[in-house]
Ligand code: GLN
């Protein structure tokens, strides 16, 4: 017997051998669920892969960390519950940077994800497994999470579509927290239409996540898009700039006017993002102390403090430790105002400039990444060189804006380039429409 779900399970195993995109396969649960999909349901048995920081009851969730090995959540994330209610079937859990901290998937405790288009390149991160799984054709749809670009960056590196909705448009209940004021669940697929179908069944208020809400669909009306000048030149590769140029021409050919705006606060985006993300992470990750979740390292008779020190010391990876140290420092007495306080003020300024630059236009357009997929190991020795690659994506998280990355051609090295559209909070439907017409115009 064959079915899309059985085919996806088989394809995922093959893709696993060459990419390491997956951390778990849900054969029994998936085949049982596939048999029970009611006829006529909106997603009619569509196989979906879910990033392994999103909980599925009864199934291990590691968040890419040794500290959560053996953790089996007793509840299912609202987004997964809603996908399943619409007839999607979860077939596998995908690899990720530990707790979502990274841009290349090399910070996973379970090994990096290789780019399905070139095994010497990274798939991007932190949702590298989700992007690779879709790009390699194992599944038509995958969920990721996006705190500073983790859905859009790997989508760009793997040549697929990655969407981060407006902050609050999707419930975060059941998503392992990294930086709660920035975290959103995101969607990866080859086509915008599949992204939209998934978004439509997951969106809206969830009593289990007080930051979630339903946004009124507000159609775009300006027929105008703005290029962000600070994200079109220095620091972006020739390939990234050509992708942006191709997108600009495609938009113009479809009747959209393209203008340019200055967003000077872009220069503060990366330090602001990394101060806020690490401060929130230091607080969120304090719960992993060996007492409640996952693994506990210690000898009998050890007190809780000794257990906590050993568990955290042995089981968190080096990047997670670096983030906890940075975040703790940024929040510490005597430095809090100088670091965290200033970052919060800078975030408000960035958000205000984004809002102003969106007045009179439907969207901002930027390259998604500074270039094509990094070589494995290229960015691991110098973390800051990795952080700066988030400059275009982290803006949407700082401002709570919807943003999508779509493929915009290939570079000379044969690797895909992505462009990003960012809109006003709540304009998710309009951004999806615009992305769809951009993709069509790029193909024409
Ligand atoms: N690369 C960014 C970071 O490491 C974003 C990651 C994400 O969006 N989860 O924080």
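Numbering (our numbering), first residue to last: 1412 to 1855.
Quick reminder that beta carbons are idealized off the backbone N, C-alpha and C, glycines included.
Source: prediction; values computed, not measured.
Give the secondary structure of residue 1530 by DSSP, where H, G and I count as helix, E and B as strand, and everything else as coil. Looking up residue 1530 in the chain shown gives position 119. Collapsing the DSSP output to three states places residue 1530 in a strand.
Pairing CB atoms from the segment 1537-1553 with CB atoms from the segment 1788-1795, are three or more of them under 8 Å? No: fewer than three Cβ pairs fall under 8 Å.
So, using beta-carbon positions, are residue 1478 and residue 1740 closer together than 8 Å? Your numbering for residue 1478 matches position 67 in the chain shown. Your numbering for residue 1740 matches position 329 in the chain shown. Not closer than 8 Å, so no.
DSSP-derived helix/strand/coil call for residue 1500: Sequence index remark: in the chain shown, residue 1500 carries index 89 (1-based). In the three-state DSSP reduction, residue 1500 falls in the strand class (E or B).
Distance cut-off 7 Å: residue 1745 Cβ against heavy atoms of the ligand GLN: Reading the chain shown from its first residue, position 334 is the one you call residue 1745. Checking the Cβ of residue 1745 against the ligand GLN gives no.
One question on the structure: do residue 1841 and residue 1629 come within less than 8 Å of each other, judged by their Cβ atoms? Counting from 1 along the chain shown, the entry for residue 1841 is found at position 430. Counting from 1 along the chain shown, the entry for residue 1629 is found at position 218. With contacts defined as CB atoms closer than 8 Å, residue 1841 and residue 1629 qualify as a contacting pair.
Taking the continuous alpha helix (DSSP H) assigned at residue 1438, which residues delimit it? Your numbering for residue 1438 matches position 27 in the chain shown. Boundaries of the alpha helix (DSSP H) around residue 1438: 1438-1446.
Residue 1640 classed as buried or exposed, judged by whether at least 16 other C-beta atoms fall within 10 angstroms: As a working note, residue 1640 is residue 229 in the chain shown. When all chains shown are included, residue 1640 counts as exposed.
Which word fits residue 1854, buried or exposed, when buried means at least 16 other C-beta atoms lie within 10 angstroms of its C-beta? Working through the chain shown from its first residue, we reach residue 1854 at position 443. It counts as exposed.
Just to confirm my understanding: we take residue 1822, look at its own chain, exclude 5 residues before and 5 after, and list those with CB closer than 6 Å. What are they? Taking the first residue of the chain shown as 1, we reach residue 1822 at position 411. In the same chain as residue 1822, and ignoring 5 residues on each side of it, the C-beta atoms closer than 6 Å to its own belong to 1650, 1783, 1828, in chain order.
Is any heavy atom in the ligand GLN found nearer than 7 Å to the beta carbon of residue 1785? Looking up residue 1785 in the chain shown gives position 374. Distances taken from the Cβ of residue 1785 to the heavy atoms of the ligand GLN include none shorter than 7 Å.
Given residue 1684 as reference, the closest of 1710, 1604, 1590, 1468 once Cα atoms are compared: As a working note, residue 1684 is residue 273 in the chain shown. If you compare the alpha carbons of 1710, 1604, 1590, 1468 with that of residue 1684, the shortest gap goes to 1590.
Quick one: what's got a C-beta closer than 6 Å to residue 1499's C-beta in the same chain, skipping five residues either side? Here residue 1499 refers to the residue found at position 88 when the chain shown is read from its first residue. Contacts found: 1454, 1457, 1459.
Let me check you understand the geometry: is the CB of residue 1561 closer than 7 Å to at least one non-hydrogen atom of the ligand GLN? Counted from its first residue, the chain shown places residue 1561 at position 150. Answer for residue 1561: yes, Cβ within range of the ligand GLN.
Same chain only: Cβ atoms within 7 Å of residue 1511, ignoring 5 sequence neighbours per side: Residue numbering aside, residue 1511 sits at position 100 when the chain shown is read from its first letter. So the list reads 1464, 1537, 1556, 1558, 1561, 1589, once near-sequence residues are dropped.
Can you give me the C-alpha to C-alpha distance between residue 1658 and residue 1673, rounded to a whole angstrom? Residue numbering aside, residue 1658 sits at position 247 when the chain shown is read from its first letter. Residue numbering aside, residue 1673 sits at position 262 when the chain shown is read from its first letter. Spanning the two alpha carbons is a distance of roughly 19 Å.
For residue 1775, three-class secondary structure by DSSP: Translated into positions along the chain shown, residue 1775 becomes position 364. In the three-state scheme derived from DSSP, where H, G and I count as helix and E and B as strand, residue 1775 is classed as strand.
Do you know offhand how far residue 1852's Cα is from residue 1568's? Numbered from its first residue, the chain shown carries residue 1852 at position 441. Numbered from its first residue, the chain shown carries residue 1568 at position 157. So the two alpha carbons sit approximately 21 Å from each other.
Just checking my contact of residue 1670 with residue 1772 at CB under 8 Å: how many whole Å lie between their CB atoms? Stepping through the chain shown from its first residue, residue 1670 is reached at position 259. Stepping through the chain shown from its first residue, residue 1772 is reached at position 361. About 7 Å separates the two Cβ atoms, so the contact holds.
Confirm the yes/no value for this check: CB of residue 1688, any heavy atom of the ligand GLN, distance under 7 Å. If you number the chain shown from 1, residue 1688 lands on position 277. Yes, the Cβ of residue 1688 comes within 7 Å of a heavy atom of the ligand GLN.
Please work out which residues of its chain come closer than 6 Å, Cβ to Cβ, to residue 1631, disregarding the five sequence neighbours upstream and downstream, and give them in chain order. Position 220 of the chain shown, counting from 1, holds the residue named residue 1631. Answer for residue 1631: 1773, 1841, listed in chain order.
Residue 1738 to residue 1798, Cα distance in whole Å? Within the chain shown, numbered from 1, the residue matching residue 1738 stands at position 327. Within the chain shown, numbered from 1, the residue matching residue 1798 stands at position 387. C-alpha separation (whole angstroms): 15 Å.
I'd like the list of long-range same chain contacts for residue 1635, defined as Cβ closer than 8 Å, with 5 residues on each side in sequence excluded. As a first step, residue 1635 must be located in the chain shown, where it is residue number 224. The answer, listed in chain order, is 1667, 1668, 1669, 1670, 1771, 1772, 1773.
Could you tell me which of 1501, 1515, 1493 sits nearest to residue 1440, measuring between CA atoms? Mapped onto the chain shown, residue 1440 falls at position 29. The candidate whose alpha carbon is nearest that of residue 1440 is 1501.
Buried or exposed (CB count within 10 angstroms, at least 16 for buried), residue 1766: By one-based count along the chain shown, residue 1766 stands at place 355. Counting the other Cβ atoms within 10 Å of the Cβ of residue 1766 gives fewer than 16, which makes it exposed.
State the beta-bridge partners of residue 1573 as determined by DSSP. Residue mapping note: residue 1573 aligns to position 162 of the chain shown, counting from 1. For residue 1573, which the question treats as bridged, DSSP gives the partners 1599, 1816.
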